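Below is one structure, written out as structure tokens; the observations come after it.
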Amino acid sequence: MEQQTEASLLGMWTFLVTEILFFGGALTAYLVYRNWYPDAFALASYEIPIMPGAINTAVLIFSSLTMALAVHFAQTGDRGKTMLFIVLTSILGAAFLGIKAYEYHEKYVEHFIPGFGLPFEFPANPEYTNAARIFYSLYFVLTGLHALHMIIGLGIMTWMFIWVKNGTITQEYYAPVEIAGLYWHFVDIVWIFLFPLLYLIGRHVHHVG
Amino acid sequence: MRSGTPPLFPEAASTLAGRVDGLYLFLVGLTAVMTIFIFSMVIFFMIKYKRRDPNSIGARIHGGMALEIAWSVIPLFICLGIFVWATNIFFAIARPPAETMNIYVVGKQWMWKFQHLDGQREINEVHVPVGRPVKMIMTSEDVIHDLFFPNFRVKADVVPGRYTSLWFEATKAGEYHMFCAEYCGTQHSGMVGKVIVMEPDDYQAWLSGGLQEGSLASAGGKLFQDLACNTCHRPDAQGRGPVLQNLYGKQVSLQSGENVVVDEAYLRESILMPSSKVTAGFQPVMPTFQGLVSEEGVLSLIEYVKSLKTDSPVQAVRPNTGGPAANEATPAQAPPTRN
Amino acid sequence: MSSNTVASPTSTYLNNGLTLKSWLLTKDHKRIALLYLAAVSFFFLIGALFAVLIRLELVTPAGDLLTDETYNKVFTMHGVMMVFFFLIPVVPAVLGNFLIPLMIGAKDLAFPKLNLLSFYVYMVGSLFTMWSIVSGGLDTGWTFYTPFSTVASTSAVVPAALGIFINGFSGILTGLNFMVTIHTMRAPGMTWFRLPLFVWAHYATSLIQILGTPVVAITIVLVAAERVFGFGLFNPAVGGDPVLFQHLFWFYSHPAVYIMILPAMGIISEIIASSSRKQVFGYSFVAFASIGIAVIGFLVWGHHMFVSGESVYAALVFSVLTFIVAVPSAVKVFNWTATMYRGSVSWESPMFFAAGFMGLFAVGGLTGLFLASMGLDVHLTDTYFVVAHFHYVMVGGTIMGYLGGIHFWWPKITGRKYNDIMARVSAVIVFIGFNLTFLPQFVVGYLGMPRRYHAYPDEFQVLNVLSSAGAAVLAVGYMMPIFYLIASLKTGELAGDNPWGAVGLEWNTTSPPPTENFKTTPVVTWEAYEYPTPVEGHVV
Numbered sequence: 002m003e004q005q006t007e008a009s010l011l012g013m014w015t016f017l018v019t020e021i022l023f024f025g026g027a028l029t030a031y032l033v034y035r036n037w038y039p040d041a042f043a044l045a046s047y048e049i050p051i052m053p054g055a056i057n058t059a060v061l062i063f064s065s066l067t068m069a070l071a072v073h074f075a076q077t078g079d080r081g082k083t084m085l086f087i088v089l090t091s092i093l094g095a096a097f098l099g100i101k102a103y104e105y106h107e108k109y110v111e112h113f114i115p116g117f118g119l120p121f122e123f124p125a126n127p128e129y130t131n132a133a134r135i136f137y138s139l140y141f142v143l144t145g146l147h148a149l150h151m152i153i154g155l156g157i158m159t160w161m162f163i164w165v166k167n168g169t170i171t172q173e174y175y176a177p178v179e180i181a182g183l184y185w186h187f188v189d190i191v192w193i194f195l196f197p198l199l200y201l202i203g204r205h206v207h208h209v210g
Numbered sequence: 015m016r017s018g019t020p021p022l023f024p025e026a027a028s029t030l031a032g033r034v035d036g037l038y039l040f041l042v043g044l045t046a047v048m049t050i051f052i053f054s055m056v057i058f059f060m061i062k063y064k065r066r067d068p069n070s071i072g073a074r075i076h077g078g079m080a081l082e083i084a085w086s087v088i089p090l091f092i093c094l095g096i097f098v099w100a101t102n103i104f105f106a107i108a109r110p111p112a113e114t115m116n117i118y119v120v121g122k123q124w125m126w127k128f129q130h131l132d133g134q135r136e137i138n139e140v141h142v143p144v145g146r147p148v149k150m151i152m153t154s155e156d157v158i159h160d161l162f163f164p165n166f167r168v169k170a171d172v173v174p175g176r177y178t179s180l181w182f183e184a185t186k187a188g189e190y191h192m193f194c195a196e197y198c199g200t201q202h203s204g205m206v207g208k209v210i211v212m213e214p215d216d217y218q219a220w221l222s223g224g225l226q227e228g229s230l231a232s233a234g235g236k237l238f239q240d241l242a243c244n245t246c247h248r249p250d251a252q253g254r255g256p257v258l259q260n261l262y263g264k265q266v267s268l269q270s271g272e273n274v275v276v277d278e279a280y281l282r283e284s285i286l287m288p289s290s291k292v293t294a295g296f297q298p299v300m301p302t303f304q305g306l307v308s309e310e311g312v313l314s315l316i317e318y319v320k321s322l323k324t325d326s327p328v329q330a331v332r333p334n335t336g337g338p339a340a341n342e343a344t345p346a347q348a349p350p351t352r353n
Numbered sequence: 002m003s004s005n006t007v008a009s010p011t012s013t014y015l016n017n018g019l020t021l022k023s024w025l026l027t028k029d030h031k032r033i034a035l036l037y038l039a040a041v042s043f044f045f046l047i048g049a050l051f052a053v054l055i056r057l058e059l060v061t062p063a064g065d066l067l068t069d070e071t072y073n074k075v076f077t078m079h080g081v082m083m084v085f086f087f088l089i090p091v092v093p094a095v096l097g098n099f100l101i102p103l104m105i106g107a108k109d110l111a112f113p114k115l116n117l118l119s120f121y122v123y124m125v126g127s128l129f130t131m132w133s134i135v136s137g138g139l140d141t142g143w144t145f146y147t148p149f150s151t152v153a154s155t156s157a158v159v160p161a162a163l164g165i166f167i168n169g170f171s172g173i174l175t176g177l178n179f180m181v182t183i184h185t186m187r188a189p190g191m192t193w194f195r196l197p198l199f200v201w202a203h204y205a206t207s208l209i210q211i212l213g214t215p216v217v218a219i220t221i222v223l224v225a226a227e228r229v230f231g232f233g234l235f236n237p238a239v240g241g242d243p244v245l246f247q248h249l250f251w252f253y254s255h256p257a258v259y260i261m262i263l264p265a266m267g268i269i270s271e272i273i274a275s276s277s278r279k280q281v282f283g284y285s286f287v288a289f290a291s292i293g294i295a296v297i298g299f300l301v302w303g304h305h306m307f308v309s310g311e312s313v314y315a316a317l318v319f320s321v322l323t324f325i326v327a328v329p330s331a332v333k334v335f336n337w338t339a340t341m342y343r344g345s346v347s348w349e350s351p352m353f354f355a356a357g358f359m360g361l362f363a364v365g366g367l368t369g370l371f372l373a374s375m376g377l378d379v380h381l382t383d384t385y386f387v388v389a390h391f392h393y394v395m396v397g398g399t400i401m402g403y404l405g406g407i408h409f410w411w412p413k414i415t416g417r418k419y420n421d422i423m424a425r426v427s428a429v430i431v432f433i434g435f436n437l438t439f440l441p442q443f444v445v446g447y448l449g450m451p452r453r454y455h456a457y458p459d460e461f462q463v464l465n466v467l468s469s470a471g472a473a474v475l476a477v478g479y480m481m482p483i484f485y486l487i488a489s490l491k492t493g494e495l496a497g498d499n500p501w502g503a504v505g506l507e508w509n510t511t512s513p514p515p516t517e518n519f520k521t522t523p524v525v526t527w528e529a530y531e532y533p534t535p536v537e538g539h540v541v
């Protein structure tokens, strides 16, 4: 059993490495284009309202706390508290997705969605329209993939809840909760990178009209 | 091209072809020697040590440090030697001489358009003289292509949205293959033609024959006026834009603090995305001409700017027939071949 | 090694459950390997059919057999099927899956259910790609260069891209499974440096699959996003960079070729050691060479882009690293040759395949040097020279190695021996046919014939005809094993535990093995490839 736990943990860490490479490819594209169009990117980032993103960051960080507590109580064998914190983590995850949905809707209204045949405008500086398209393409790819991982995370939380409830998870065998925790923390960390790269790059620059 | 026995080796028709062939033949020799050596060792050992007794086993040998070092280090040095040799050839291929005869190339699905500086336009064929370095400055109107002259041993990708270049100096008159060497869709294998190398006198004759359309630079001058560039870019530094006289090839300071050299790529960017590299001391008020000028139009404007020198008055000569005009997506079909 | 007195083992993985469900829902790595064998063989057949069409078309200079659109789809799908659905998975998914637990003394892989999931993910990926074929096909080349693939192509790009994306997960999961298995499930006494080199090779391969595949996954996602959603990341008309695609694509696709060759090299280590009844010369050098190839292989992707407009200095770095990565491969070839010195060398068919590999891989690897040479690559890139080079390594190398492995472990997998004389004839025909097919392509490539052309100048015809004739011979060589291997299932002599007299834990159990692999967990007390006297084998 211990060998199985060790193997499972190694497996999850290895999987997380693949996820780093996966997001890494998109971040490389971001790096290149930000280098090409620094001003356009800064302006496009400035146009994204910071509050929903900031709230989401707090939500996710707090959810990592609840997740860590869930793992702790699984370790100590407290079924009730484990389930409580899994539920709290899930609620926070769902809240994150809800705020994200609101943000996407806002983008739709403001004509910042660079595809689907939708109109795209960048009134802050029309000459930056193409570069802004690229910025928003990266925004949607990065946050969209991240949201997809969150949804999968909620699925994993549900699965863990069921296993704790039906007694599969015990004080001796809590590795699945630990592994689920690893995944959740990873999704959180990806957001910690995305938030400044997407929301914060234009803040310090004083924009003229 | 000769008919009869099919060729097994391409004719060498440029100054660098011999160096490329030399390296190639060395590597062919190395490959043949090493392959024959290894394969015959394997066969030899199979024969010499063939198992006779079904229960016999081989000698107990783990390995040998001396051998391991030898056959790691020696191949490494051979490889590094080849690397140095090949890189020197590459530097020669990648760095054109200071004085080149420039020809602009626009590739598009599925044809090649060549624009000589003095106005000659060719499609799927290009005439060049023997003994003069020729540089091709290229862009694509759609997808990535690649211009390949096997007899010059040179090729380069032709990329939309930017300029790439290749150069060669032809050494032998004749007609040689020209291929597209980057898969570009349906008629990729049809995007072929020939490069016609002529002795200098014949080349001169060819240049002066045919329809006179005016030089590329003069066509650019006309476009410069039609698009009203001259209202901001004045030779007397009174305009809202930088003076363009004598600008080509110089270094300029940008608003961002960095310095750039004024080359073809910079000029193209300044026409199509003017706010990306604004000259220091100027406002970012130049409008973009993206969509208003074709690739050939941009090339003609670049040639015009290159031609602006304060010691010769600016001329925008009207050509006899229409040159590349604004809003033209594809040029008028030029008369095909010239002899 | 007489096996006349062998009795057929009673309870094996083959007869442990005879229903379709017991096969389709198996968690036994050996059955999963056979599921993969059926699947990859099917996709190889499809890829081979496309190859036949290509060589038929190229017999004449004019494009007269297929329309240009069809030809473009045919060579694209040939590449996609062969690279993603055959060459990358074949050795790990078939032989790796079957053998790695046996070789390390384990009951199964670390994550048996994940292994089955890998197989079904692979099948789902292939379904999407089949959908692409039946809905008109893909015409972008297997390399999907932008902006052609994102903007200009009118073919079924998205289903094919999705198929490849999903298929990538299969590779990641398999690599993950192997890596964790090798770390955590070795039998007592099986230290790292007693592992068979086949296992080292798969460890190195798993490293590449884990680190490289996600990058092509996101790249394909971006291409699909551009086509489906209209995001213009690689489209220069809206400010995107088509060359960025090339960097992201080749960052995976170069290491991918090492995914294709390293496992085959692992097979060669096993065959040559066993056929020589001798330890692999320089074991640790071969082991470290595998890891070295995997690591350095991540640093050379730009050698596919010497004429794409990358900077001279970047090209310089990529070129020198490409030369450096050639050295460990050379070291391995020398070590294998030295292994045969003073060995007791068998002339059975696996050795024939291994010998063929040595000759063909030598040419393939050495012609890589031509392409690493920047000054020469300018002329050679995108010509048939490159096509010849990669077929020498991928077909002459990987497929020759794979065939050798299939022949070597067939008795273990099926419990039967096949007709060895036919197998040797097949190996020779493949070797001859292969050289006839691809040697002329070096010549026509240097002459200047570009890749992906279905019509070409007349003077290239003789070489093309030679190549197509060779392909016919090669096809015969490839088809022969189908007959005698399948025949062996009915009429082959029973193999016994160790028909070759080899060492390695897989030979310490029955042929075929029981589901749990070993009756009792083996304890390893001998070095890798240590041949005991007497030769009956080690006592576990």
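Residue numbers (the working numbering), protein chains in the order written: chain A, 2 to 210; chain B, 15 to 353; chain C, 2 to 541.
Just so it is clear, CB atoms sit at the ideal spot from N, CA and C, and this is done for glycine as well.
Everything numeric in this text was worked out from a predicted model, so none of it was measured.
If I'm right that residue i touches residue j with Cβ under 8 Å, what's the distance once you round it to whole angstroms?
i	j	result
Ser203/B	Asp69/C	7 Å
Asp516/C	Asn17/C	Strictly speaking, residue 516/C in this sequence is Thr, with Asp absent from that position. Confirmed, Cβ separation roughly 5 Å.
Val445/C	Phe432/C	So it is not a contact: roughly 21 Å between Cβ atoms.
Gly241/C	Gly231/C	At roughly 12 Å, the Cβ-Cβ gap does not stay under 8 Å, so Gly241/C and Gly231/C are not in contact.
Phe99/C	Ala34/C	4 Å
Tyr342/C	Phe59/B	6 Å
Going by the CB atoms, is the gap between residue j and residue i shorter than 8 Å?
i	j	result
Ser575/C	Met352/C	Since the first residue shown for chain C is 2 and the last is 541, residue 575/C is missing from the structure and cannot be characterised.
Val168/B	Gly376/C	no
Pro264/C	Ala355/C	no
Glu183/B	Thr293/B	no
Gly303/C	Phe319/C	yes
Gly99/A	Gly154/A	no
Thr333/C	Ala290/C	One detail in the question is off: residue 333/C reads as Lys in this sequence, not Thr. Cβ distance < 8 Å, so Lys333/C and Ala290/C count as in contact.
Glu104/A	Pro53/A	yes
By the 10 Å Cβ neighbour count, where 16 or more other Cβ atoms means buried, how is residue i classified, buried or exposed?
i	result
Phe123/A	buried
Ile407/C	buried
Pro327/B	For Pro327/B, the pLDDT reaches just 48, beneath the cut-off of 50, and the residue's location in the model is therefore unreliable, although a value from the coordinates is still provided. With fewer than 16 other Cβ atoms within 10 Å, it is exposed.
Val319/B	buried
Phe117/A	exposed
Phe439/C	buried
Glu528/C	exposed
Gln129/B	buried
Is the beta carbon of residue i within less than 7 Å of some heavy atom of the ligand GTP?
i	result
Cys194/B	The ligand GTP is not part of the structure shown, which contains no ligands of any sort.
Could you give the first and the last residue of the continuous alpha helix (DSSP H) run that contains residue i?
i	result
Ser171/C	158 to 185
Tyr253/C	243 to 277
Under DSSP, the beta strand (DSSP E) around residue i begins and ends at which residues?
i	result
Gln129/B	125 to 130
Asn420/C	Neither: Asn420/C is in no beta strand (DSSP E) and is coded neither H nor E.
### the stretch 447 to 459 of chain C touching the stretch 489 to 509 of chain C, judged by at least three CB pairs closer than 8 Å
no
### Task
Mind the definition here: the stretch 221 to 229 of chain C touches the stretch 160 to 168 of chain C only if three or more C-beta pairs lie below 8 Å; say whether that holds.
yes
#### Entry: Three CB pairs or more closer than 8 Å across the stretch 83 to 91 of chain A and the stretch 181 to 198 of chain C
no
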